[in-house]
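**Q**
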Amino acid sequence: MSASVIGTGHGAAAAWAGDAWAGAVYDGGPGCIAEARGFATRFLVDRHGLDPASEAVGAVQLIVSELVTNACKHAHGPCALDLERIPSGVEVTVWDSSTTLPLARAADPGRVGQHGLEIVLALCEGFTVEREPVGKRVTVRVSFA
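Just add 224 to wherever you are in the sequence shown, counting from 1, and you've got the working numbering.
(1) So residue 292 and residue 250 are supposed to be a Cβ contact under 8 angstroms. How far apart are they, rounded?
(2) So within the segment 324 to 364, which uninterrupted alpha helix (DSSP H) runs reach at least 4 residues, ignoring any that extend past its ends?
(3) Suppose the cutoff is 7 angstroms on Cβ atoms and the five residues either side in sequence are ignored; what does the same chain contact list for residue 294 look like?
(4) Do you know whose CA, among 254, 333 and 303, lies nearest residue 323's CA?
(5) Figure out for me which residue from 290, 309 and 268 has the closest Cα to the Cα of residue 343.
(6) Going by DSSP, what residue range makes up the alpha helix (DSSP H) through residue 258?
(7) May I ask which residues mark the beginning and end of the alpha helix (DSSP H) holding residue 301?
(8) Could you tell me the distance, in whole angstroms, from the CA atom of residue 359 to the CA atom of residue 273?
(9) Where do the N-terminal and C-terminal ends of the beta strand (DSSP E) with residue 246 fall, by residue?
(10) Quick one: grab the DSSP three-state call for residue 270.
(11) Alpha carbon to alpha carbon, how far is residue 299 from residue 347? Give it in angstroms, no decimals.
(12) Nearest to residue 369 by CA position, among 267, 266, 311 and 264, is which residue?
(13) Identify the continuous beta strand (DSSP E) that holds residue 275 and give its terminal residues.
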């Protein structure tokens, strides 16, 4: 399959490879979180016909927002987003250049902020983190009912 570039915002590049996979790279600057969320929405709605108001699309949008936010905030540089349609749902993978692994904290309703990973874990069916030669890769599997 050949990849083709699709419309992106400032500091981003993206490609579709058929219907099953799409990837985008962001520079970590302002707007990349919204761009990544929009990219995921287009992948699910335009390529796979999901209802934009569905629980599945909302879950993936939130997961993408949280993972890309963490990458931009803690890695201070570029990040990559891969989306792959699998039979049971979708896999969301975010790569960044930080070697620090994400840490899930105990629930604390009094804590302000730092609840992103709690949210991601509550919405997904599978979560893995792999160290890469430069940075790490976080993969989340979201099942569609």
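Idealized CB from N, CA, C, for every residue including glycine.
**A** For this structure:
(1) 7 angstroms
(2) 340 to 347
(3) 326 and 340
(4) 303
(5) Per the Cα distances, 290.
(6) 256 to 266
(7) Where residue 301 is concerned, there is no enclosing alpha helix (DSSP H), given that its DSSP letter is neither H nor E.
(8) 34 angstroms
(9) Under the DSSP assignment, residue 246 falls in the beta strand (DSSP E) whose first and last residues are 245 to 250.
(10) DSSP, read as helix, strand or coil, puts residue 270 in helix.
(11) 23 angstroms
(12) When each option's Cα is compared against that of residue 369, the closest is 311.
(13) Note, residue 275: premise wrong, no beta strand (DSSP E); not H, not E.
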